[in-house]
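Number of protein chains: 4
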Amino acid sequence: MKMKAGEILLLLLCLNVVSFGVIANPPTCPADIGKECSDSGEWEGEFFPGIPKINYEGPSSKNPLAFKWYNAEEEILGKKMKDWMRFSVAFWHTFRGTGGDPFGAPTKYWPWEDGTNSLAMAKRRMRANFEFINKVGVDWWCFHDRDIAPDGKTLEESNANLDEVVALAKKLQGSKIRPLWGTAQLFMHPRYMHGGATSSELGVYAYAAAQVKKAMEVTNYLGGENYVFWGGREGYQTLLNTDMGRELDHMARFFEAAVAYKKKIGFNGTLLIEPKPQEPTKHQYDWDAATAANFLRKYDLIGEFKLNIECNHATLSGHSCHHELETARLNGLLGNIDANTGDPQIGWDTDQFLTDIGEATLVMLSVVRNGGLAPGGFNFDAKLRRESTDVEDLFIAHISGMDTLARGLRNVAKLIEDGSLAELVRKRYQSFDTELGAQIEAGKVDFEMLEKIALERGEPKVPSAKQELAEMIFQSAL
Amino acid sequence: MKMKAGEILLLLLCLNVVSFGVIANPPTCPADIGKECSDSGEWEGEFFPGIPKINYEGPSSKNPLAFKWYNAEEEILGKKMKDWMRFSVAFWHTFRGTGGDPFGAPTKYWPWEDGTNSLAMAKRRMRANFEFINKVGVDWWCFHDRDIAPDGKTLEESNANLDEVVALAKKLQGSKIRPLWGTAQLFMHPRYMHGGATSSELGVYAYAAAQVKKAMEVTNYLGGENYVFWGGREGYQTLLNTDMGRELDHMARFFEAAVAYKKKIGFNGTLLIEPKPQEPTKHQYDWDAATAANFLRKYDLIGEFKLNIECNHATLSGHSCHHELETARLNGLLGNIDANTGDPQIGWDTDQFLTDIGEATLVMLSVVRNGGLAPGGFNFDAKLRRESTDVEDLFIAHISGMDTLARGLRNVAKLIEDGSLAELVRKRYQSFDTELGAQIEAGKVDFEMLEKIALERGEPKVPSAKQELAEMIFQSAL
Amino acid sequence: MKMKAGEILLLLLCLNVVSFGVIANPPTCPADIGKECSDSGEWEGEFFPGIPKINYEGPSSKNPLAFKWYNAEEEILGKKMKDWMRFSVAFWHTFRGTGGDPFGAPTKYWPWEDGTNSLAMAKRRMRANFEFINKVGVDWWCFHDRDIAPDGKTLEESNANLDEVVALAKKLQGSKIRPLWGTAQLFMHPRYMHGGATSSELGVYAYAAAQVKKAMEVTNYLGGENYVFWGGREGYQTLLNTDMGRELDHMARFFEAAVAYKKKIGFNGTLLIEPKPQEPTKHQYDWDAATAANFLRKYDLIGEFKLNIECNHATLSGHSCHHELETARLNGLLGNIDANTGDPQIGWDTDQFLTDIGEATLVMLSVVRNGGLAPGGFNFDAKLRRESTDVEDLFIAHISGMDTLARGLRNVAKLIEDGSLAELVRKRYQSFDTELGAQIEAGKVDFEMLEKIALERGEPKVPSAKQELAEMIFQSAL
Amino acid sequence: MKMKAGEILLLLLCLNVVSFGVIANPPTCPADIGKECSDSGEWEGEFFPGIPKINYEGPSSKNPLAFKWYNAEEEILGKKMKDWMRFSVAFWHTFRGTGGDPFGAPTKYWPWEDGTNSLAMAKRRMRANFEFINKVGVDWWCFHDRDIAPDGKTLEESNANLDEVVALAKKLQGSKIRPLWGTAQLFMHPRYMHGGATSSELGVYAYAAAQVKKAMEVTNYLGGENYVFWGGREGYQTLLNTDMGRELDHMARFFEAAVAYKKKIGFNGTLLIEPKPQEPTKHQYDWDAATAANFLRKYDLIGEFKLNIECNHATLSGHSCHHELETARLNGLLGNIDANTGDPQIGWDTDQFLTDIGEATLVMLSVVRNGGLAPGGFNFDAKLRRESTDVEDLFIAHISGMDTLARGLRNVAKLIEDGSLAELVRKRYQSFDTELGAQIEAGKVDFEMLEKIALERGEPKVPSAKQELAEMIFQSAL
């Protein structure tokens, strides 16, 4: 039998799964999918039939499908919790996560999936997304262009697919829900294997620009409040075959053009760069907050971008999440947080839901110091573990992540009310809260004057830093 | 249109690729694949038409398709190079590697692939394998059951598929080529998501046993010299939901049954455990050589297994490769080497071809001390970078890896001939090459006697360890 | 002026400080030390005059010098808190810690220190130790021989010094306080630079034996309940100049002799090996729990030793502390815990007091599963930060560390009472709680039978691992 | 006996050694030091009597005290080797390194040391330094102020000490030798425990300024070509007690004042910042090259400083050394290299002499691309291992380090002559070597134009990155 071109194409797409063996029976699929699998099916019913709208029940609740700490309308430190948090569901992890990993085939077979990447399936999945958003009770969502609509055979076809799904999303959003941000997926397709903006191929640079242009347009159309650049392939595998200087220049040209286009179309969202040190590349150009800031300053883009800090990326780069948040904040660049966590002993991005209370409290300390994150917020760039295959696990994970950050906020309120940690810090620096201190801080005291002071004062007194006391106070608030 | 069950199944298999977008044109496919794509096609022609048999041309050669250091029949330290090295091609990386990664779709579209996972395709691929082996000039190959033959709808069907491909492989092997080892793939299929031998599900334990039983049979049938256990899913993601003690007991029962079955069928190959610290799991039970040795001793399996040491796994576990090789050797367990390397700054398995000369020299030092590896050898558990998409890259990578280890062997010969490094070590321990030293080493000197010696001798003289001199001598041999 | 030998000697000792500069005025020394500095001074008064006996005041207390969670006599899970915890003060960190680091001179000048290492000073310091122990309210302490008494010019003199201080300690201990463990310091003196038991010099091996013999005697004399081996120099800096096999054999001979001597003198304490992966050496022979267990099994010492697990060492070896505790427990080797923590982004031993509640809860889970640690306990192998220079910081740090573990125990009680986490785990493995499961676990089911089962049952059902739910339940108990 | 104040002081200084035990006999001291130990002794004879001037003998030499690859006057790539390398001896490691580590007392007792930190000893040591420099055959040296002259009781006294030693150094330098750079030691003394420029204490800020002022003056006086800032204590241990924003502002004020003072005194040397990620602090403000560059740009100091890149610091920050060199170079900031290496599995600064040929070749690639380093050079910020205690080890280590980099330079010459690696890179980017490429690189092509191009051209062709070939070519040059 001679295969037709279309079939060959389809089969080629399967290569990375089937190369490792036919998976004869999806072993965890709980539902009768056949009934709903027609290409034109418009599954408009309930996607999560057993799951109610998630409500706040307080810390003593044992109900896994209830909030114990997150009470959206409750006011803390002068703002409603929902306005501090601005939680967002990440479409890709929640609706396109398969449980596959470098050593394993997909494990998740949600009842609403028909096994295709058709437009109809994309639309059905979008309906599931909004049911999920409504049940979890958040107002934002985030997406890559290729998550929500299938790639076509040509760019035109891909754009048309995207338009069709976006029109539905617009309708489903209603008056309350908006994208926290949108972005273009410039890392999955093999054309981007050498990068998008930093590809060695001019044609890929152009293609990436076209894709960002479109993604920015649809983000704008949907009322998105930010637009994110994560340069998953903008980096190198080895410097032996790489002209890093030229690639960085290309990246700057690309960002300049993005800024210009944003202004041209009147998109008012914030442009965000998301640092990550490595993975998939050996070294990514947006290594961490300071590296991204240096890039923005060097190429005179500093006023046009903010940063999207991801906790798991922070720790992979050798910093605590709190450090990266504070570095972004002090550079005036804290725009958004990808809320997740990694494993302290693992050297790759695990994108776990954050459940560490101390960590959450530190994160919220930075957020409160920043006066909140708006127009940014918390996007759950976190996924179920490969082995978590129940539909309810999607809810449990989000509830747990939201509750953890909410608990962090409550702890920050306790710390602030108590005041002793802030007082400890104030006292440490009080020698600068003097007239001479003010002059030094104003840049008015030169080395000769400083030497004179040192000679006059003799050996300085240096008090204890009281780290253990600070840790004790901090822990008491948890 | 109502889809048929078979189609749904096929499409489900595609889920992890297509979930991220249709790849409209395979961008690097160099050949006219349509012609060869029929299901029954028996591509018996040349798979690598431009590539000659790889020959030794010596260090001054600039030919990328020639050996500069590996000269198979040349005798070094009393053995032919090929007998020291016993190089093996890893079927999975070389013929099933797609270039996919957690953030990217496949990038490799070899001309002989038709995009299917059919039996016919499996056989065609097997022919390519043997042409490759012959052109590269090695005598061994390694495989997982599911690499070489497609998974079926049932275990019976999978076994039948395997038998059919194995029969062809047996024919193609001829009189010279043999499996260095075979193994069962117990990590890709979702049924193994909680482990194989250590799955929380009894049914999976049984299934894994059935699969290992069959893989051991076909390895034996093909004349394989070893059988490997790599427990990619034998570990845990979190201890919160894991009964580690019970899982370890199950693993021991499983290994005992494997030993019994090996003996029953008269398979004379060595059973090998391949340690890896983590990835895909958070923590794997065969963390490193010492951990595997402890397991074998605890469960009284120490005489039945050896270890397959992989350099990239060694460094991920915080050890140098040389350390792991020596640890295995000193425990009498050095059975085989998975020759590859990782990136010193990267926290996951990159499976790169080893090109570091110093490292290769250290590896060969252990091999020479071990008197060689037979019946084990060097399996190239190494893959092309995702961005390396030319057919010739497969050859360049193997040549480079083989030359590097061959260069290591030549360096070891220089070190041994020079003798000064061995002499430096001998001198360090010479105080034990005395009568008293011999008594101590025989366990005949108790604490009271030792105290008496210490009191009599007074403060011991402690000479320099001469590390910098040792490093200078070592480097001079490179 | 011609210097006298004694002065030269004294000055030589200063070399590592003064090489970096005279520290003209101890900047934080709060007290009039001159008055107390005479060689014969017997400071018998109060060492911590402003610090009361530390009492339990409950979670709402804001008093830094009170326990909020540790209530020694309170019964939890059927045992008094103090019997679960068996807290011990580490003499070296608390009384010999100077705040020095590889880049910095000492920062701590406690009022009772006279700047000498005299015997009189050693005795005064011992008095301070017992006042501290009594005020903090613990019953155990730990020491190295050379912490508590000055090294002499000869081994005889060192032993005599030790005897004198130990006699005082015996008196000060009274009827209630005992060493949790003693040990010999085989890493500080340059004679041990190549190791003690694994030194390349026979004379050092003998000297180390003599020192361990004496340390074991005094531990026994003081009623110590354990004796620890931490092989800080038992390892290598480079394999190029090292005969690892010979060194490991020497270590085994040394341990055998230690066991024999223990029995000879009727010392009933447990011998403990303390694993650490590296630092100060590049690679230590007792890398982690599994490595130490393998060593003990290989050399047939498995019944004679247990392990002292240190959390900071665990994380440096790439494991969670919980993993190391469970590994020790499952090998029947969990003997004692060095309670501390490291920094997740730092690659050396920071020996911080543990203040992470989640971590403490996991640690206590293992302890409760182990039925407690007795005759071992929790030794605070933790030190003040270099910048913490107030006497009260010593108390704050210990209170914080004790409260954290006490809070962990209370959380474990909540988890056990709630029961849902244990139930989640039980359910995961229930397919083995069957007749067939029992047969498999008894080693009675061979591969042929397992294959038959696999063929009969078809594709196994594999449920969700519920990791996110487990994390939610765990966090709810904090 | 009542101690006198001076004695108490002296003894206090000993605290960090003696706290761990009297070292009765320096075990490795090879010479009769008593004879030379008088305070006024002017050891003007030979310090290294058995060591000749080190000469070039070529690669076949087996003489440890000869160069095999470094031939100072030989011209390579248009420059003499000595002009490419500009090697410098680090006074601190070579003459103040004691072998002490956090777990061990000093191990090195050089024959010329009398055990004091006296001015006379400082001068004798300076003579040893210049004999060493002359015998090794380099033209530069580097120092901290407090390495070369003892700290006094007051700043005035310290400065006077420094002046006296510097006057001698000036004389000994002769016409050829100069400091590659000088610096102030702002990390050892406890006054700097919270930082120098970033201390929470104003008095310390002033003291640090006075010390830098003086160090800059003496560097200028000695003809130094650079001045280095390594902020070993400029960072934090925990953010809980730290006002990072205020500290960074203070650091900027401090650097501004340094620039102003440099100009005022007509010092023409380059100011260099030396990045290091952590150690001794948990997090240092000059984490890596990009972080330092961001700081310089943020505070408008970018034209006034360059960077001193240390290879061991690079790898600790998660980058390859080559990456950091290229990052510095591309930011116009590559000023100097601290030539050393770390251990790939160790998480702290080991400051080893670099002996890896591949690494050295990559380093020299950056240096050649930079057109050399002048007025910077290669400072050997590397030390003997603790266990290397022979005087000749100092020479062997330096020879080995110099030869390795010289070998790297020779390899770079081979790579450049061969040309195929450069050609491989050129070809990768050739699509940008077009008219359209030039327009894109000039920032003249907007998103609309790029989209038009993408639509017209269709799917871009993306060739192989040829990493394995690049690695093969690179290795062939070694």
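Chains as they are written, first to last, in my numbering: chain A, 1 to 478; chain B, 479 to 956; chain C, 957 to 1434; chain D, 1435 to 1912. Note that the Cβ used here is the ideal one computed from N, Cα and C, for glycine as well.
Query raised in the report: What residues in its chain sit with their C-beta under 7 angstroms from that of residue 765 of chain B, if we drop five residues either side in the sequence?
Result: For the purposes of this step, residue 765 of chain B is taken as the residue at position 287 of the second sequence. The beta carbon of residue 765 of chain B is closer than 7 angstroms to those of 753, 755 and 795 in its chain, skipping five residues each way along the sequence.
Query - Residue-level contact to chain B via CB, residue 1642 of chain D, 8 angstroms cutoff - result: As a position in the fourth sequence, residue 1642 of chain D is number 208, starting the count at 1. No, its Cβ sits nowhere closer than 8 angstroms to a Cβ of chain B.
Query - chain D within 8 angstroms of residue 1299 of chain C, Cβ atoms only - result: Numbered from 1 along the third sequence, position 343 holds the residue referred to as residue 1299 of chain C. Residue 1299 of chain C counts as touching chain D.
Requested in this report: List the residues that DSSP assigns as beta-bridge partners of residue 1693 of chain D.
Outcome: Sequence index remark: in the fourth sequence, residue 1693 of chain D carries index 259 (1-based). Beta-bridge pairing links residue 1693 of chain D to no other residue.
Query - Spatial distance of residue 832 of chain B from residue 859 of chain B (CA atoms) - result: The residue labelled residue 832 of chain B in the question sits at position 354 within the second sequence. The residue labelled residue 859 of chain B in the question sits at position 381 within the second sequence. Each residue's Cα considered, the two are about 10 angstroms apart.
Query - Buried or exposed (CB count within 10 angstroms, at least 16 for buried), residue 917 of chain B - result: To locate residue 917 of chain B, count along the second sequence from 1; it is residue 439. With fewer than 16 other Cβ atoms within 10 Å, it is exposed.
Query raised in the report: Using a C-beta to C-beta distance shorter than 9 angstroms, which residues of chain D count as neighbours of residue 796 of chain B?
Result: Reading the second sequence from its first residue, position 318 is the one you call residue 796 of chain B. Correct list: 1779.
Report task. Spell out whether any CB of chain A is found under 8 angstroms from the CB atom of residue 1434 of chain C. Result -> As a working note, residue 1434 of chain C is residue 478 in the third sequence. Closer than 8 angstroms to some Cβ of chain A, the Cβ of residue 1434 of chain C qualifies, so yes.
**Report entry** Beta-carbon contacts of residue 1663 of chain D that lie in its chain and below 6 angstroms, excluding the five residues immediately before and after
**Finding:** Working through the fourth sequence from its first residue, we reach residue 1663 of chain D at position 229. For residue 1663 of chain D, the CB contacts under 6 angstroms within the same chain, skipping 5 residues up- and downstream, are 1707 in chain order.
Report task. Since I believe residue 1538 of chain D is in contact with residue 1149 of chain C (beta carbons under 8 angstroms), could you give me their beta-carbon distance rounded to a whole number of angstroms? Result -> Stepping through the third sequence from its first residue, residue 1149 of chain C is reached at position 193. Stepping through the fourth sequence from its first residue, residue 1538 of chain D is reached at position 104. About 7 angstroms separates the two Cβ atoms, so the contact holds.
Query raised in the report: Straight-line CA distance for residue 137 of chain A to residue 101 of chain A?
Result: Residue mapping note: residue 137 of chain A aligns to position 137 of the first sequence, counting from 1. Residue mapping note: residue 101 of chain A aligns to position 101 of the first sequence, counting from 1. Taking the straight line from one Cα to the other gives about 30 angstroms.
**Report entry** residue 112 of chain A versus residue 125 of chain A - alpha carbon distance
**Finding:** Start at 1 with the first residue of the first sequence, and residue 112 of chain A comes out as number 112. Start at 1 with the first residue of the first sequence, and residue 125 of chain A comes out as number 125. For residue 112 of chain A and residue 125 of chain A, the gap between their C-alpha atoms comes out near 7 angstroms.
Requested in this report: Count the other C-beta atoms from every protein chain shown that fall within 10 angstroms of the C-beta of residue 73 of chain A, then say buried if there are 16 or more, exposed otherwise.
Outcome: Here residue 73 of chain A refers to the residue found at position 73 of the first sequence. So residue 73 of chain A counts as exposed.
Report task. Quick one: using the 10 Å Cβ neighbour count with 16 as the cut-off for buried, is residue 1265 of chain C buried or exposed? Result -> Reading the third sequence from its first residue, position 309 is the one you call residue 1265 of chain C. Buried is the call here.
Query raised in the report: In its own chain, which residues sit with a C-beta less than 7 angstroms from the C-beta of residue 1193 of chain C, not counting the 5 before and 5 after it?
Result: The residue you call residue 1193 of chain C lines up with position 237 of the third sequence. Closer than 7 angstroms at Cβ, skipping near neighbours: 1237 and 1238.
Query raised in the report: Residues in its own chain within less than 7 angstroms of residue 722 of chain B by CB, not counting five upstream and five downstream?
Result: In the second sequence, residue 722 of chain B corresponds to position 244, counting from 1. Excluding sequence neighbours, residue 722 of chain B sits near 714.
Query raised in the report: Name the chain B residues that come within less than 8 angstroms of residue 1177 of chain C, Cβ to Cβ?
Result: Working through the third sequence from its first residue, we reach residue 1177 of chain C at position 221. By Cβ distance, chain B contributes nothing, its closest Cβ being about 16 angstroms from residue 1177 of chain C, past 8 angstroms.
Query - Any 3 or more C-beta pairs closer than 8 angstroms across the segment 684–704 of chain B and the segment 608–624 of chain B - result: Yes, since at least three Cβ pairs between the segment 684–704 of chain B and the segment 608–624 of chain B fall closer than 8 angstroms, the two stretches touch.
Query raised in the report: Are residue 68 of chain A and residue 1322 of chain C close, meaning C-beta to C-beta below 8 angstroms?
Result: Here the question's residue 68 of chain A lines up with position 68 in the first sequence. Here the question's residue 1322 of chain C lines up with position 366 in the third sequence. Contact: no.
Query raised in the report: Along the chain, where does the beta strand (DSSP E) that runs through residue 548 of chain B open and close?
Result: The residue given as residue 548 of chain B occupies position 70 in the second sequence. Premise fails: residue 548 of chain B is in no beta strand (DSSP E) and is neither H nor E.
Query - chain B contact residues for residue 102 of chain A, given Cβ-Cβ distances below 9 angstroms - result: The sequence position of residue 102 of chain A within the first sequence is 102, counting from 1. Chain B residues near residue 102 of chain A: 578, 579, 580, 757, 758, 826 and 827.
Query raised in the report: Which bits of chain C does residue 1835 of chain D rub up against, with CB to CB less than 8 angstroms?
Result: Taking the first residue of the fourth sequence as 1, we reach residue 1835 of chain D at position 401. Per Cβ cutoff of 8 angstroms: no residues; residue 1835 of chain D is ~16 angstroms from chain C at best.
Report task. Closer than 9 angstroms by beta-carbon distance: list the chain B residues that pair up with residue 1418 of chain C, in chain order. Result -> Your numbering for residue 1418 of chain C matches position 462 in the third sequence. Chain B residues near residue 1418 of chain C: 668, 669, 670, 671, 672, 677, 678, 679, 681 and 682.
**Report entry** Classification of residue 1584 of chain D by the beta-carbon crowding that lies within 10 angstroms, buried from 16 upward
**Finding:** The residue labelled residue 1584 of chain D in the question sits at position 150 within the fourth sequence. Classified as buried, residue 1584 of chain D has 16 or more neighbouring CB atoms from the shown chains inside 10 Å of its CB.
Report task. Please list, in chain order, all residues of the same chain as residue 414 of chain A whose beta carbon is under 8 angstroms from its beta carbon, the five residues on each side excluded. Result -> Here the question's residue 414 of chain A lines up with position 414 in the first sequence. Excluding the 5 residues flanking it on each side, residue 414 of chain A has same chain C-beta neighbours closer than 8 angstroms at 477, in chain order.
Query raised in the report: Where does the unbroken beta strand (DSSP E) through residue 1183 of chain C begin, and where does it stop?
Result: Looking up residue 1183 of chain C in the third sequence gives position 227. Residue range 1182–1185 is occupied by the beta strand (DSSP E) that includes residue 1183 of chain C.
Query raised in the report: Can you tell me the Cα-Cα spacing of residue 636 of chain B and residue 664 of chain B, whole angstroms?
Result: Translated into positions along the second sequence, residue 636 of chain B becomes position 158. Translated into positions along the second sequence, residue 664 of chain B becomes position 186. Distance between the alpha carbons of residue 636 of chain B and residue 664 of chain B is about 14 angstroms.
Report task. Answer with yes or no whether the minimum CB distance from residue 386 of chain A to chain B is below 8 angstroms. Result -> Along the first sequence, read from residue 1 onward, the residue named residue 386 of chain A stands at position 386. Cβ-Cβ to chain B under 8 angstroms: yes for residue 386 of chain A.
Query - Reduced DSSP category for residue 1838 of chain D - H, G, I as helix; E, B as strand; rest coil - result: Your numbering for residue 1838 of chain D matches position 404 in the fourth sequence. Looking at residue 1838 of chain D - three-state DSSP - the assignment turns out to be helix.
Query raised in the report: If you draw a straight line from the C-alpha of residue 403 of chain A to the C-alpha of residue 129 of chain A, how long is it?
Result: As a working mapping, residue 403 of chain A is identified with position 403 in the first sequence. As a working mapping, residue 129 of chain A is identified with position 129 in the first sequence. Roughly 20 angstroms between the two C-alpha positions.
Report task. Kindly give me the distance between the Cβ atoms of residue 87 of chain A and residue 377 of chain A, rounded to whole angstroms, as I take these residues to be in contact under 8 angstroms. Result -> In the first sequence, residue 87 of chain A corresponds to position 87, counting from 1. In the first sequence, residue 377 of chain A corresponds to position 377, counting from 1. Between residue 87 of chain A and residue 377 of chain A the beta-carbon gap is near 7 angstroms, inside 8 angstroms, which marks them as a contact.
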